[in-house]
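Novice:
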Amino acid sequence: MRALFFLNSLTQKFFQYFKFRTADFTSEKERGAERFKRIFATGISSVFSKSVSLGTTLITIPLTLKYLGAELYGLWMTLTSIMLMMNFVDLGIGNGLLNVISEFNGRDDREGVKTYISSAFFELCIIALIILTIFFISYRFLPFDSIFNVHTPQARLEAGPACAIFITCFALNIPLSICDKIRLGYQEGHITNLWQSLGSVLGLVLIILCVYTKVELPWLILAFSGAPLTAYAAHNFYLFFREKPWLRPSLKYFHFAVSKRLLKIGLLFFILQAASAFAFTSDNIILAQTLGAQAVSYYSIPTRLFSIGPLFLTMFLTALWPAYGEAISRGDMLWAKKTLLKSLVVTLLFIGFFSLFLLLSYERIINLWIGPNFEINHFLIFGLALWCLFSSIGNSLSMFLNAANIIKFQVISAILMSSSAIALKIFLTQKIGLPGVIWATIAAYSIFTLIPCAIYVPKLLSNMGTFRK
986 MRALFFLNSL
996 TQKFFQYFKF
1006 RTADFTSEKE
1016 RGAERFKRIF
1026 ATGISSVFSK
1036 SVSLGTTLIT
1046 IPLTLKYLGA
1056 ELYGLWMTLT
1066 SIMLMMNFVD
1076 LGIGNGLLNV
1086 ISEFNGRDDR
1096 EGVKTYISSA
1106 FFELCIIALI
1116 ILTIFFISYR
1126 FLPFDSIFNV
1136 HTPQARLEAG
1146 PACAIFITCF
1156 ALNIPLSICD
1166 KIRLGYQEGH
1176 ITNLWQSLGS
1186 VLGLVLIILC
1196 VYTKVELPWL
1206 ILAFSGAPLT
1216 AYAAHNFYLF
1226 FREKPWLRPS
1236 LKYFHFAVSK
1246 RLLKIGLLFF
1256 ILQAASAFAF
1266 TSDNIILAQT
1276 LGAQAVSYYS
1286 IPTRLFSIGP
1296 LFLTMFLTAL
1306 WPAYGEAISR
1316 GDMLWAKKTL
1326 LKSLVVTLLF
1336 IGFFSLFLLL
1346 SYERIINLWI
1356 GPNFEINHFL
1366 IFGLALWCLF
1376 SSIGNSLSMF
1386 LNAANIIKFQ
1396 VISAILMSSS
1406 AIALKIFLTQ
1416 KIGLPGVIWA
1426 TIAAYSIFTL
1436 IPCAIYVPKL
1446 LSNMGTFRK
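For the sequence shown, the numbering used here assigns the number 986 to the initial residue and increments by one for each residue that follows.
(1) Going straight from the alpha carbon of Lys-1249 to that of Ala-1388, what length do you get?
(2) Determine the closest residue to Leu-1524 out of Asn-1084, Cys-1154 and Glu-1143, with distance taken between C-alpha atoms.
(3) If we count the other Cβ atoms within 10 Å of its Cβ and call it buried at 16 or more, is Val-940 buried or exposed?
(4) Only counting the same chain, and skipping five residues up and downstream in sequence, which positions put a Cβ closer than 7 Å to that of Ser-1285?
(5) Leaving out five residues on either side along the sequence, give the residues of the same chain with a beta carbon under 7 Å from the beta carbon of Glu-1201.
(6) Taking its Cβ as the centre, do 16 or more other Cβ atoms sit within 10 Å of Ser-1131, making it buried, or is it exposed?
(7) CA-CA distance, Thr-1215 and Gly-1184?
(8) Could you tell me the alpha carbon to alpha carbon distance between Leu-1247 and Tyr-1101, rounded to whole angstroms?
(9) Is the segment 1420 to 1428 touching the segment 1365 to 1376 in the sense that three or more CB pairs, one from each, lie closer than 8 Å?
(10) With a 10 Å radius around its C-beta and 16 neighbouring C-beta atoms as the bar for buried, classify Gly-1421 as buried or exposed.
(11) Taking the straight line between their C-alpha atoms, what separation do you get for Phe-1229 and Gly-1251?
(12) Just the C-alpha distance for Phe-1226 and Pro-1295, rounded to the nearest angstrom, thanks.
(13) List the endpoints of the continuous alpha helix (DSSP H) containing Pro-1357.
(14) Looking at Leu-1341: is its Cβ nearer than 8 Å to the Cβ of Ile-1378?
(15) Report, in whole angstroms, the separation of the C-beta atoms of Trp-1084 and Asn-1390, which I expect to be a contact under 8 Å.
(16) Per DSSP, what kind of secondary structure is Thr-1007 in: helix, strand or coil?
(17) Helix, strand or coil for Val-1135? Go by DSSP, reduced to three states.
(18) Give every residue of the same chain whose Cβ lies closer than 8 Å to the Cβ of Ile-1392, excluding the five residues on either side of it in the sequence, and list them in chain order.
(19) Taking the CB atoms as reference points, tell me whether Ser-1244 and Glu-1108 lie closer together than 8 Å.
(20) Ala-1140 and Leu-1060 - do their beta-carbons sit closer together than 8 Å?
(21) Can you give me the C-alpha to C-alpha distance between Ala-1399 and Tyr-1171, rounded to a whole angstrom?
(22) Keeping to the same chain, check which residues put their C-beta closer than 7 Å to that of Phe-976; ignore five residues upstream and five downstream.
(23) So, does the segment 1013 to 1020 touch the segment 1318 to 1325, judging by three or more C-beta pairs under 8 Å?
(24) Is it right to say Ile-1046 is buried, meaning 16 or more other beta carbons lie within 10 angstroms of its own, or is it exposed?
(25) So which of Leu-1382, Ile-1293, Ser-1381 and Asn-1362 has the shortest CA-CA distance to Phe-1339?
(26) Quick check on Thr-1414: buried or exposed, where buried means 16 or more other Cβ atoms within 10 Å of its Cβ?
(27) Between which two residues does the alpha helix (DSSP H) harbouring Thr-1303 extend?
(28) Can you list, in chain order, the residues of its chain whose CB lies under 7 Å from that of Phe-1133, leaving out five sequence neighbours each side?
(29) What's the call for Asp-1075, buried or exposed, on a 16-neighbour Cβ count within 10 Å?
(30) Answer with buried or exposed for Pro-1287, where buried requires no fewer than 16 other C-beta atoms within 10 angstroms of its C-beta.
(31) Applying the criterion that 16 or more other CB atoms from any shown protein chain within 10 Å of the CB defines a buried residue, is Ser-1210 buried or exposed?
(32) Between the beta-carbon of Val-1196 and the beta-carbon of Tyr-1052, is there less than 8 Å?
Okay, structure coming up:
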């Protein structure tokens, strides 16, 4: 346990250069400088955390594939996919809590924060309990071999226990991941990123140990899912019992009115995320049904290449969300406006150069990466470059809108964009083939997201400025 706590002290030493302080200064300039330090630290640590996660994945894939074999490894990957599909199971409560924490942090209201953290924590515990109850009641009736389409005796025997361990770890992770939202709300994302790195490294060590000792799949999944869970548990213990005990969840501070408000905010975030995910994850399904499975390969590989730039930028943009929230709560609207403008300029420059670079060199990159026989569609590549820019601009604007609690506007926009994008993707794919998917996305996103934002955001900034005067 001491080794886990050592991570936090290491984090503080690593970022000692930044000399983080509370944002309660007289000068708006001082508060703004402090926010930028935290944004930069969160972005850098996020790059580090994602690199560690990617590195451990690259090591474990060949190791576990060789050890488990194709069928058991496929079972594991199927369970992982199910987990990714269930990421919205907290009903958006976590994102709602992030907004509330940044708002109360701007008011220096400890009691208010504790009430919301306690209410959110027990709401998440109830969700986890419901998931576990439903699963274990139905466990004996579930045909796991048919669900996962496994055939060998070993796979059929291990499918049920493996799924049980996976679901248990996933459910326990729901309330324990509250520490991430708390850290982000207080603009301490650099700390949570390093705790996540610890979970990745611990998972790698345990998986290597499992392969070396030749354990069965359920134990391997326990190592894979239990390592991040252990890191979350240690992080929560340190946060609530050592660092910020005044934030510790307590039934005394649980209020139904607060829970109702959190659920109301959370459901809006849930709908927003679900609508966006529905629009952006349907591409492969539409292509497979319209043009065949081979088309998915010719689409997904260039898409992954063009996703690198926006993914890197998002690591920094996400840190703006709580910073905007705290600034708006304190009335530092000038900082919020200037930062929004700066984020848009940086987005245009960074993604613009990134997209231009790929447009000029994508053939050489794909030839080196995949091989000279890969079929390249130039109209698709141009569309991906444009989508890279448009989606990043939208992401930059959404960080500000999230912090300002402008969620209904985004929900309406996302629903209209999602429904029109799906219909347009099917139509254009049938008419122009592979590029139809991305150009349909660009058209729907431009009409129902970017253009409304271009009209709404300036008016919002003007009204906020008037309100704060």
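In this text, a Cβ means the ideal position worked out from N, Cα and C, and glycines have one as well.
Specialist: Judging by the given coordinates:
(1) 16 Å
(2) With the chain covering 986 to 1454 only, the question about residue 1524 has no answer from this structure.
(3) The question about residue 940 has no answer, for the chain in this structure spans 986 to 1454.
(4) Asn-1269
(5) Glu-1143
(6) Exposed, since its Cβ has fewer than 16 Cβ neighbours within 10 Å.
(7) Using only the alpha carbons, I get a separation of about 7 Å.
(8) 8 Å
(9) yes
(10) Burial call: buried.
(11) The identity of residue 1229 in the sequence shown is Lys, whereas the question assumes Phe. Between Lys-1229 and Gly-1251, the C-alpha separation is close to 25 Å.
(12) 37 Å
(13) Run containing Pro-1357: none; DSSP gives neither H nor E here.
(14) Not a contact, by the Cβ cut-off of 8 Å.
(15) What sits at residue 1084 in the sequence shown is Asn, not Trp. At roughly 6 Å, the Cβ-Cβ gap stays under 8 Å, so Asn-1084 and Asn-1390 are in contact.
(16) Confidence is the limiting factor: at Thr-1007 the pLDDT is only 49, short of 50, which leaves the residue's position unreliable, though a coordinate-based value still follows. If DSSP states are grouped into helix, strand and coil, Thr-1007 belongs with coil.
(17) DSSP places Val-1135 in coil when its eight states are reduced to three.
(18) Ile-1250, Leu-1253, Phe-1254, Leu-1257 and Leu-1386
(19) The Cβ atoms of Ser-1244 and Glu-1108 lie closer than 8 Å to each other.
(20) yes
(21) 28 Å
(22) Because the chain spans 986 through 1454 in this model, residue 976 falls outside it and cannot be assessed.
(23) yes
(24) exposed
(25) Per the C-alpha coordinates, the member of Leu-1382, Ile-1293, Ser-1381 and Asn-1362 positioned closest to Phe-1339 is Ile-1293.
(26) buried
(27) Where Thr-1303 is concerned, there is no enclosing alpha helix (DSSP H), given that its DSSP letter is neither H nor E.
(28) Leu-1060, Thr-1063 and Ala-1144
(29) Under this definition Asp-1075 is a buried residue.
(30) buried
(31) Answer is buried; the Cβ neighbour count reaches 16.
(32) yes
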